[in-house]
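Counting from 585, one number per residue, gives the positions in the sequence shown under our numbering.
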Amino acid sequence: MTALTPRPSILTIEPYVGGESKIPGVNRIIKLSSNEGAFGPPPGAIAAIARMAAEAHRYPDGNATRLREAIGAKFGLDPARILCGNGSDELIAYLILAYGGEGTELIMPAHGFVMYDLTGRYAGCRVIKVPERNLMADVDAMLAAVGPRTKLVCLVNPNNPTGALLPRAEVERLRRGLRDDILLILDAAYAEYVTDPDYDPGHRLVDASGNTVMTRTFSKIFGLGGMRVGWAYMPPAVADVIGRIRGPFNVNAAGMAAAIAALEEPGWIERSVAHNTEWRAKLAAGLEAAGIKAWPSACNFVLADFGTPERARAADAALRARGVIARGVAGYGLPSCLRITVGTAEECMLVIETLAAFMRDAG
Ligand SMILES: *Cc1c(COP(=O)(O)O)cnc(C)c1O
């Protein structure tokens, strides 16, 4: 008898491991492992989810019309070029499955987001991870890695888990250097946190080219990770392709209602950005004062570099002893680092105090 087997590339995938949320024996957990936003869900979103409960028997609007219009109005984009997904992860998967596949190559920076690696393998692509320069995507090296089979280039900007922001001119240079039959995915999951006035999350490049897509999410600054809502801005031809393969009701009704309410929450982005900018700087300064390198970040987290894997693991244990869960990033090839989400002021202070004491003890 022959055993049942999936396509070979699937068995090379290590299942995704999310940020942990529990420590055995600890009641009060401070979860700084998944960049979920410092303030919880917007109050208007909580109310919208509650209102949706009585309508739970109804199928959602399969075209996400109101949500796409709300996103378009908020960000000044054409709703016809927006597609929503069950988290941006779903849209990323559709894009890679639609344009990649066996015999093709997907190029990403060495420390890019792991979903591109996982989904690329799922699709059967050869995933090429290009070395970075100082934890920053290296456009020359990425262009040099392009071959005749390259179909996809995936860039998270600013990047998770490094926090690095690639300057707009560099992103444009990357697109200019790619053939027209290569899809460039710009993942801007942290776009709302960026304060650099020169930053373009991808709006301009999508408008200017027929082969660039920008993905966004409600899981980070909007505090709705549990609702699973993401969106992408894309050329009409790509929207047509994804429109053929997506599930007809891929975004749920409560998630759509919550996302619309989050967009309407007065001052939510402004307050979140102000808090993040202030406390990301304080967190980084506190780490540096304790003798820990904090990599520059444009996101709502800081990549803390302890120099050695042993010290990073010991620091993780010290944080856990105080109920704080950071994100180990050994799986990203960064075993000496921990990624720490910018939480509330109190949470940031606790991290700073805990790690300062840890470094004093470690000597
Ligand atoms: C969190 C994150 C996502 C996933 O977002 P969802 O919308 O929750 O699927 C995508 N890309 C990056 C870089 C992220 O950090």
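Virtual Cβ for every residue (Gly too), placed ideally from N, Cα, C.
Ser803: CB within 6 Å of a non-hydrogen atom of ligand 1: In the sequence shown, counting from the first residue as 1, residue 803 sits at position 219. For ligand 1, at least one heavy atom lies less than 6 Å from the Cβ of Ser803.
Residues of its chain near Arg652, where Cβ-Cβ distance is below 6 Å and the 5 sequence neighbours each way are ignored: Locating residue 652 in the sequence shown gives position 68, counting from the first residue. Excluding positions up to five away in sequence, the list reads Pro663, Ile666.
Nearest-angstrom beta carbon gap, Met818 and Val797 [assumed within contact, 8 Å]: Counting from one through the sequence shown, the residue named residue 797 turns up at place 213. Counting from one through the sequence shown, the residue named residue 818 turns up at place 234. Yes, they are in contact, since the Cβ atoms of Val797 and Met818 sit about 4 Å apart, within 8 Å.
beta-carbon Ala773 near ligand 1 non-hydrogen atom, thresh 6 Å: Position 189 of the sequence shown, counted from the first residue, corresponds to residue 773. True, at least one ligand heavy atom lies under 6 Å from that Cβ.
Ligand 1 heavy atom lying under 6 Å from the CB of Asn1033: The structure shown does not extend to residue 1033, since the chain is modelled only from 585 to 947, so the question has no answer here.
Distance between beta carbons of Val711 and Arg705, contact taken as under 8 Å: What you label residue 705 is simply residue 121 of the sequence shown in a count that begins at 1. What you label residue 711 is simply residue 127 of the sequence shown in a count that begins at 1. Indeed, because the Cβ distance is near 6 Å, the residues count as touching under 8 Å.
Start-end ranges of the beta strand (DSSP E) lying completely within the segment 856 to 927, minimum 3 residues: 877 to 879, 885 to 889, 921 to 925
Cβ-based burial, Arg733 [other Cβ within 10 Å; buried from 16]: Looking up residue 733 in the sequence shown gives position 149. Exposed is the call here.
Proximity below 7 Å, CB of Gly927 to CB of Leu616: Your numbering for residue 927 matches position 343 in the sequence shown. Your numbering for residue 616 matches position 32 in the sequence shown. Contact: yes.
Helix, strand or coil at Lys804 according to DSSP, with G and I counted as helix: Within the sequence shown, residue 804 is the residue found at index 220, counting from 1. DSSP places Lys804 in coil when its eight states are reduced to three.
Residue closest to Ala728, alpha-carbon to alpha-carbon, out of Arg757, Leu749, Asp771, Asn744: Start at 1 with the first residue of the sequence shown, and residue 728 comes out as number 144. Residue Arg757 is the option with its Cα nearest to Ala728.
Inter-residue Cα distance where the pair is Pro832 and Asn670: Against the sequence shown, residue 832 aligns to sequence position 248. Against the sequence shown, residue 670 aligns to sequence position 86. Roughly 11 Å between the two C-alpha positions.
For Ala773 and Arg800, believed in contact at Cβ under 8 Å, the rounded distance: Counting from one through the sequence shown, the residue named residue 800 turns up at place 216. Counting from one through the sequence shown, the residue named residue 773 turns up at place 189. 7 Å between Cβ atoms; contact.
For Cys709: DSSP bridge partner residues: Start at 1 with the first residue of the sequence shown, and residue 709 comes out as number 125. DSSP, once it has assigned bridges, lists no residue as partnering Cys709.
Stretch pair the segment 733 to 748 + the segment 692 to 705: three plus CB contacts closer than 8 Å: yes
For Met798: DSSP bridge partner residues: Counted from its first residue, the sequence shown places residue 798 at position 214. Leu770, Tyr817.
C-alpha gap between Gly624 and Phe942, whole angstroms: Working through the sequence shown from its first residue, we reach residue 624 at position 40. Working through the sequence shown from its first residue, we reach residue 942 at position 358. Straight-line Cα distance between these residues: approximately 29 Å.
Integer Cβ distance of Ala838 from Ile633, believed to fall under 8 Å: In the sequence shown, the residue the question calls residue 838 occupies position 254. In the sequence shown, the residue the question calls residue 633 occupies position 49. Contact flag correct, Cβ pair sits at about 5 Å.
Which of helix, strand or coil DSSP assigns to Pro832: For the purposes of this step, residue 832 is taken as the residue at position 248 of the sequence shown. Three-state DSSP puts Pro832 in coil, outside helix and strand.
Of the listed residues Gly809, Pro880, Leu871, nearest to Ala940 (C-alpha basis): Walking along the sequence shown from the start, residue 940 turns up at place 356. Comparing Cα positions, the closest option is Leu871.
Heavy atom of ligand 1 within 6 Å of Asn744 beta-carbon: As a position in the sequence shown, residue 744 is number 160, starting the count at 1. Yes.
Spatial distance of Arg760 from Asn860 (CA atoms): Counting from one through the sequence shown, the residue named residue 760 turns up at place 176. Counting from one through the sequence shown, the residue named residue 860 turns up at place 276. Answer to the nearest angstrom: the Cα atoms are 33 Å apart.
Burial state of Val886 (16 or more Cβ within 10 Å): For the purposes of this step, residue 886 is taken as the residue at position 302 of the sequence shown. So Val886 counts as buried.
Own chain residues within Cβ distance below 6 Å of Phe806, not counting five before or after: Mapped onto the sequence shown, residue 806 falls at position 222. Counting only Cβ-Cβ distances below 6 Å, and skipping sequence neighbours, we find Ala846.
For Ile666, the first and last residue of its enclosing alpha helix (DSSP H): What you label residue 666 is simply residue 82 of the sequence shown in a count that begins at 1. Where Ile666 is concerned, there is no enclosing alpha helix (DSSP H), although the beta strand (DSSP E) it sits in stretches over 666 to 669.
Start and end residues, alpha helix (DSSP H) containing Met636: Taking the sequence shown and counting its residues from 1, one reaches residue 636 at position 52. Element bounds for Met636: 627 to 636.
CA-to-CA distance, Met699 to Glu598, given in whole angstroms: Walking along the sequence shown from the start, residue 598 turns up at place 14. Walking along the sequence shown from the start, residue 699 turns up at place 115. Spanning the two alpha carbons is a distance of roughly 11 Å.
Lys658 versus Arg642: straight-line alpha-carbon distance, rounded: Mapped onto the sequence shown, residue 658 falls at position 74. Mapped onto the sequence shown, residue 642 falls at position 58. Approximately 27 Å, taken between the alpha carbons.
Delimiting residues of the beta strand (DSSP E) encompassing Leu595: In the sequence shown, residue 595 corresponds to position 11, counting from 1. Run containing Leu595: none; DSSP gives neither H nor E here.
Beta-carbon proximity list for Ile614, same chain, < 6 Å, skipping 5 on both sides: Against the sequence shown, residue 614 aligns to sequence position 30. Cβ within range, chain order: Gly907, Val908, Glu931.
DSSP state of Arg612 mapped onto helix, strand, coil: For the purposes of this step, residue 612 is identified with residue 28 of the sequence shown, where counting begins at 1. Note: Arg612 maps to coil in three-state DSSP.
Gly684 beta carbon less than 7 Å from that of Arg911: In the sequence shown, the residue the question calls residue 911 occupies position 327. In the sequence shown, the residue the question calls residue 684 occupies position 100. No, Cβ-Cβ distance for Arg911 and Gly684 is not below 7 Å.
Reduced DSSP secondary structure (H/G/I, E/B, other) of Leu736: Start at 1 with the first residue of the sequence shown, and residue 736 comes out as number 152. Strand, per DSSP.
Alpha helix (DSSP H) segment containing Met840, residue limits: Position 256 of the sequence shown, counted from the start, is the residue given in the question as residue 840. Segment 837 to 848, the alpha helix (DSSP H) holding Met840.
Limits of the alpha helix (DSSP H) - the one that Met943 falls within: Position 359 of the sequence shown, counted from the first residue, corresponds to residue 943. Per DSSP, Met943 belongs to the alpha helix (DSSP H) from 929 to 946.
Local conformation of Pro663 per DSSP, three classes: Indexing the sequence shown from 1 puts residue 663 at position 79. The answer is helix: DSSP assigns Pro663 an H, G or I state.
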